[in-house]
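Enquirer: According to this note's numbering, the residues represented by the sequence shown are 1028 to 1305, in order.
Note that the Cβ used here is the ideal one computed from N, Cα and C, for glycine as well.
This one's a predicted model, so the numbers in the text were calculated from it and none came from an experiment.
Would you mind keeping the following structure in view while I ask a few things?
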Amino acid sequence: ESIRRFCRQVAGVLHTASLFQQVEQEREKSDRLLYNILPDTVADELKESGRVQPRKHDSVTILFTDFKAFTADAEIMPVEELVEDLDAVFEQFDRICGRYNLEKLKTIGDSYMAAGGLTLANSTHPVDAVLAAMEFMDFVEQVNRIRQEITGGKFWSMRVGVHTGPVVSGVIGRSRFAYDIWGDAVNVASRMESAGEPGRLNISQTTYDQVKYFFDCEYRGRLPIKNRGAMEMYFVSGVRRNLSGDHPGRLPDDNFRALYERLKQGARLRFKNESAHT
């Protein structure tokens, strides 16, 4: 009898351990899902308090991309190929955002939205966003070249728009969480994208004022914006030549990184003789 009782106790302990292991596995799975859809700091707050406090951000930089003629291609391309191609591009965009401390916010169809300066407040987010946008475009160009060589076909051409301004961030939803931002700056960033041209990076005056020390830009003038009147815009041509060493306009050199470090430490950058559209 004592042996049977002992066996039952052992079986009970093993069953409890198995249940505990299952609970732990489910908790880990839930955590992975949560941290996949929310920034780490936001997910931490949600786990600890059960909610996320909305926050005002005085300055963030918002980036939008959109592919030209995607809708038309969607009607003629095999569905599997279309989704696979788009997923591959957005996966690379995610990696680039990670390198530049940008938060991917969402994708809507073929549009991709990200922002810098949200969960990691810093003074470099306008420069980070422009560098990320340039890498986005370089990657799409590479894909286009490869596809042209292999199939003779061409990938989608892409517009990119960037704007810097204040927003409010927060988490919405109960059973399905979504981290998002709101504010006029979001609308302006979207307008920068739609007012741009395929293959070009279009930025607002506000963003230009904060990145002009790092990048050569082409002043476009005051152009009409839906529901906004006219706004000044610039195309980013590339990294300033005196900051790009052996790769004119493309890759930052040590001088760029030194200037970036000064900005990161809070220095106020100025040209010797700064004009309105330098």
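1) Tell me whether A1303 sits in a helix, a strand or coil according to DSSP, three-state version.
2) Report the three-state DSSP secondary structure of F1298 (helix, strand or coil).
3) By Cβ distance below 8 Å, which residues in the same chain neighbour A1141 in space, the five residues on each side in sequence not counted?
4) If you measure between the beta carbons of G1272 and G1265, is that distance less than 8 Å?
5) Taking the beta carbon of T1068 as the centre, do at least 16 other beta carbons fall within 10 Å, making it buried, or is it exposed?
6) Do I1208 and V1187 come within 8 Å of each other at the CB atom, strictly closer than that value?
7) Are three or more beta carbon pairs between the region 1213 to 1222 and the region 1250 to 1270 nearer than 8 Å?
8) Is the region 1168 to 1178 touching the region 1076 to 1084 in the sense that three or more CB pairs, one from each, lie closer than 8 Å?
9) Who are the Cβ neighbours of S1138 in its own chain at under 7 Å, not counting the five residues just before and after it?
10) Entirely within the region 1194 to 1256 and at least 3 residues each: give me those beta strand (DSSP E) ranges in chain order.
11) Quick one: give me the first and last residue of the beta strand (DSSP E) that G1143 is part of.
12) How is H1274 classed by DSSP in three states: helix, strand or coil?
13) Taking the alpha carbon of G1192 as the point to measure from, which residue in D1112, S1231, T1098, D1243 has its own alpha carbon closest?
14) Less than 8 Å separating the beta-carbons of L1270 and F1241?
15) Straight-line CA distance for A1291 to S1150?
16) Indicate the three-state DSSP secondary structure (helix, strand or coil) for K1291 in the structure shown.
17) Drop a sphere of 10 angstroms on the beta-carbon of H1274, count the other beta-carbons inside from all chains shown, and report buried for 16 or more, exposed for fewer.
18) What does the alpha-carbon distance come out to for the pair L1113 and M1104?
19) In angstroms, rounded to a whole number, what distance separates the CA positions of G1200 and E1107?
20) I'd like the span of the beta strand (DSSP E) that includes S1086, first residue to last.
21) Let's see if you can read the secondary structure: which residues bound the alpha helix (DSSP H) around T1068?
22) Here's the rule: buried if 16 or more other CB atoms are within 10 angstroms of the residue's CB, otherwise exposed. What is L1296?
Expert: According to the structure data:
1) Legend: pLDDT at A1303 = 46, less than 50; position of this residue unreliable, value from coordinates given subsequently. Here A1303 sits in coil by DSSP.
2) Coil.
3) I1089, L1090, F1120, C1124, L1129, E1130, K1131, L1132, A1156, A1159
4) Not in contact: G1272 and G1265 (Cβ atoms no closer than 8 Å).
5) exposed
6) no
7) yes
8) no
9) F1091, T1092, D1093
10) 1205 to 1209, 1228 to 1231, 1242 to 1252
11) 1138 to 1143
12) coil
13) S1231
14) yes
15) In the sequence under discussion, the amino acid at residue 1291 is Lys, which differs from the Ala named in the question. Going by the C-alpha atoms only, they are around 6 Å apart.
16) helix
17) Exposed, by the Cβ-count rule.
18) When only Cα atoms are considered, L1113 and M1104 end up about 12 Å apart.
19) 30 Å
20) 1082 to 1094
21) For T1068, the uninterrupted alpha helix (DSSP H) run begins and ends at 1067 to 1076, by DSSP.
22) exposed
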